Amino acid sequence: ATSERYAVRRLPFARLGDSDVAFFERVMPGRVVTGEEEVKPFNVDWLKSVRGCSQLVLKPQTTAEVSQVLRYCYERNLAVTPQGGNTGLVGGSVPVFDEIILSTALMNRVISFDKVSGILVCQAGCVLERLSEYLEEQGFIMPLDLGAKGSCHIGGNVATNAGGLRLLRYGSLRGTVLGLEVVLADGSAVDCLASLRKDNTGYDLKQLFIGSEGTLGVITAVSILCPQKPKAVNVAFLGCQSFAKVLETFTTCRAMLGEILSAYEFMDEKCMELVERHLKLSSPVTGSPFYVLIETSGSNSTHDEEKLNNFLEQATASGLVTDGTVATDDKKIKALWSLRERITEALTHEGYVYKYDISLPVGKLYDLVTDMRARLGQSAKSVVGYGHLGDGNLHLNITAESYSHSLLDAIEPFVYEWTARCSGSISAEHGLGFKKKQFIQYSKPSEAVALMQRFKAMLDPKGILNPYKTLPSAPESSTR
Ligand code: FAD
Ligand code: MLT
Ligand code: ZN
3 ATSERYAVRR LPFARLGDSD VAFFERVMPG RVVTGEEEVK PFNVDWLKSV RGCSQLVLKP
63 QTTAEVSQVL RYCYERNLAV TPQGGNTGLV GGSVPVFDEI ILSTALMNRV ISFDKVSGIL
123 VCQAGCVLER LSEYLEEQGF IMPLDLGAKG SCHIGGNVAT NAGGLRLLRY GSLRGTVLGL
183 EVVLADGSAV DCLASLRKDN TGYDLKQLFI GSEGTLGVIT AVSILCPQKP KAVNVAFLGC
243 QSFAKVLETF TTCRAMLGEI LSAYEFMDEK CMELVERHLK LSSPVTGSPF YVLIETSGSN
303 STHDEEKLNN FLEQATASGL VTDGTVATDD KKIKALWSLR ERITEALTHE GYVYKYDISL
363 PVGKLYDLVT DMRARLGQSA KSVVGYGHLG DGNLHLNITA ESYSHSLLDA IEPFVYEWTA
423 RCSGSISAEH GLGFKKKQFI QYSKPSEAVA LMQRFKAMLD PKGILNPYKT LPSAPESSTR
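Heads up: the sequence shown is residues 3 to 482, going by the working numbering.
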């Protein structure tokens with residue numbers, strides 16, 4: 003069980019009783035899930051690497067219901083884990099012990115969409131892909147896209163400050179989220195759901211909740227700025243003979259594609275082997291140690307294709323790229339994106355996955371993979387590197403047949419020390435959740451962590467919201 007592997011002690015929260023369940027049944031009849039089998043999927047994370055033992059899932063439909071639930075839990079001292087699509091990769095979305103799971107699955111209403119401003123207001127439980135489909139019908143897109151789009155909720159995306167595949171072009175949620183509605187631990191609702199591009203009235207409170215991983219409040223609604231759907235999208239999938247060439251290709255590509263560049267992703271040959279072996283995907287480009295996926299999004303297909311072709315000619319002539327293919331139609335574009343997006347899924351077929359999500363100076367991005375491979379030798383099944391190169395974000399993944407404590411000890415804290423030496427971040431986009439919270443000091447000074455702890459104590463004095471997550475626990479209970 004999670005608590006055993008990580009040696010965490012249960013904090014003295016109240017235990018759930020029959021009268022509590024009866025209360026919730028009165029608040030939301032028929033939307034209270036009990037029974038071990040029914041609750042089980044909510045207790046286990048996407049990677050199947052951590053597991054809680056909650057006995058109760060609540061599925062509110064409205065902000066008022068979330069308020070009622072939290073007011074009650076606060077008074078009773080019952081701990082709560084907010085959960086969206088449960089696709090988080092750091093063990094933040096599932097309980098550690100018996101925390102009540104507050105699921106946003108039924109909070110899936112679009113509240114408004116303004117076609118002039120491109121501002122969407124919706125409930126937190128809207129699935130990202132559903133929102134994308136809704137917007138595309140009206141000539142817009144969501145400013146973020148990620149492999150988990152079919153399951154993740156916009157509230158979960160905001161709570162983790164998810165980056166994803168379009169950040170290079172449209173920026174982070176810290177810029178595109180215009181407003182939030184949040185329910186605090188004591189049940190009070192804070193309506194900062196502004197739909198304005200500019201609003202400098204006081205502190206920007208929404209920023210505190212973006213990336214707070216369910217520890218400061220439950221996000222119930224989101225206002226977000228959505229870009230126009232690009233008229234022309236092209237994808238190039240290219241092979242490079244070294245990581246130095248991947249970097250040089252990026253520089254050339256930025257210079258030559260300029261404003262139409264919308265993604266620059268990379269993966270190594272090991273990743274390609276895994277998607278081919280486990281998912282039976284086949285790549286039209288083979289035989290290179292590195293691959294890059296370049297996407298352009300613009301308003302004029304002739305203009306964009308000409309720019310892309312000029313770039314490809316130059317990259318090929320100068321030997322930066324040795325092989326490649328270009329897609330302009332939707333089907334081929336999707337097939338090429340699958341090679342990159344489905345690496346996460348392919349990795350799970352290997353056994354246990356040790357997942358690291360690191361920000362580094364882009365020039366050093368792959369050195370960590372090479373060093374880790376040399377360090378682990380035969381003790382790991384695969385050591386692979388891929389990620390959002392355009393954002394300086396490496397996904398280093400190590401697999402083994404099953405979880406092993408000695409392999410974990412060989413990886414950590416080495417990986418964090420390596421990252422800190424380069425002034426990188428030990429979590430670029432996935433957050434700290436349960437698995438990484440004890441390592442925050444590698445990326446933040448103690449004064450910053452202390453200030454975070456003061457915010458937590460102010461907003462959630464009893465600590466009922468997603469306990470054991472994000473912030474390090476007191477030394478006596480962190481015996482991992
Ligand atoms: P959950 O997993 O349910 O929850 C995540 C955290 O947010 C938890 O701490 C939870 O308590 C909290 N939370 C959820 N909803 C709320 C709410 N309404 N209010 C307050 N707190 C809440 N991440 C990236 O950044 N970039 C990627 O490219 C990317 N790709 C992915 C691809 C795959 C295949 C998978 C499985 C995951 C990927 N992720 C990626 C991880 C990413 O964190 C999630 O996919 C997503 O942002 C989480 O949304 P969710 O609704 O599933 O949240
Ligand atoms: C990705 O970029 O594919 C995601 O962040 C998921 C992962 O790291 O595997
Ligand atoms: Zn990612």
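Where is the CB? At the ideal position from N, CA and C, for every residue including glycine.
Only a predicted model underlies this, so the values are computations on that prediction, with no experimental measurement involved.
>> When you measure from the CB of G152 to every non-hydrogen atom of the ligand ZN, does any distance come out below 7 Å?
In response: Proximity of the beta carbon of G152 to the ligand ZN is not indicated: no heavy atom of the ligand is located closer than 7 Å.
> Quick one: Cα of A164 to Cα of I102, how far?
Replying inline: 24 Å
>> With H, G and I counted as helix, E and B as strand and the rest as coil, what does DSSP make of S479?
In response: Caution is warranted here: a pLDDT of 44 is assigned to S479, below 50, making its placement in the model unreliable, and no coordinate value can be reported.
>> In this structure, how does DSSP classify K231 when only helix, strand and coil are distinguished?
In response: Residue state, collapsed to three classes: coil.
> Can you tell which of R78, L104, D100 has its C-alpha closest to the C-alpha of E67?
Replying inline: It is L104.
> When the Cα atoms are used, what is the spatial distance from V46 to M258?
Replying inline: 46 Å
> What are the start and end residues of the alpha helix (DSSP H) that includes P43?
Replying inline: 38–45
>> Applying the 10 Å Cβ sphere with the 16-neighbour rule, what's the burial state of E275?
In response: exposed
>> Quick check on A107: does DSSP put it in helix, strand or coil?
In response: coil
> In chain order, what residues of the same chain lie with their CB nearer than 8 Å to the CB of R111, ignoring the 5 residues before and after it?
Replying inline: C124, Q125, C128
> Which of the three DSSP states, helix, strand or coil, is assigned to S448?
Replying inline: helix
>> Let's see if you can read the secondary structure: which residues bound the alpha helix (DSSP H) around M269?
In response: From DSSP, M269 is part of no alpha helix (DSSP H) but of the beta strand (DSSP E) over 263–270.
>> Since Q70 and G189 should fall inside the 8 Å C-beta cutoff, what is the C-beta to C-beta distance between them, to a whole number of angstroms?
In response: 7 Å
>> Assuming Q63 is part of the alpha helix (DSSP H), what are its boundary residues?
In response: Counting along the chain, Q63 falls outside any alpha helix (DSSP H), and DSSP gives it neither H nor E.
>> Spatial neighbours of L367 within its chain, please: C-beta separation below 6 Å, excluding the five flanking residues on both sides.
In response: L396
>> With H, G and I counted as helix, E and B as strand and the rest as coil, what does DSSP make of V323?
In response: Looking at V323 - three-state DSSP - the assignment turns out to be coil, as it is neither helix nor strand.
> Taking the C-alpha atoms as reference points, what is the distance between K247 and Y76?
Replying inline: 55 Å
> Does the distance from the CB of R377 to the CB of V277 come in under 8 Å?
Replying inline: The Cβ atoms of R377 and V277 lie no closer than 8 Å to each other.
> Assuming D270 and F292 make a contact with CB atoms under 8 Å, what is their CB distance in whole Å?
Replying inline: 6 Å
> Under 7 Å from any heavy atom of the ligand MLT, does the C-beta of D359 make it?
Replying inline: yes
>> Just to confirm the assignment: which complete alpha helix (DSSP H) runs, minimum length 4, are found wholly within the segment 134–167?
In response: 156–162
>> On the criterion of 16 or more Cβ atoms from any shown chain inside 10 Å, does Q140 qualify as buried, or is it exposed?
In response: exposed
> Over what stretch of residues does the beta strand (DSSP E) that includes V386 continue unbroken?
Replying inline: Its beta strand (DSSP E) spans residues 384–390.
> So, using beta-carbon positions, are E131 and G149 closer together than 8 Å?
Replying inline: The answer is no: Cβ separation not under 8 Å.
> What residues match up with F239 in a beta bridge as DSSP calls it?
Replying inline: Per DSSP, the beta-bridge partners of F239 are L295, T327.
> What's the C-alpha gap between S174 and S427?
Replying inline: 16 Å
> Could you check where the alpha helix (DSSP H) with D22 kicks off and where it finishes?
Replying inline: Counted as a single uninterrupted DSSP element, the alpha helix (DSSP H) harbouring D22 occupies residues 20–29.
> Secondary structure at E308, three-state DSSP: helix, strand or coil?
Replying inline: helix
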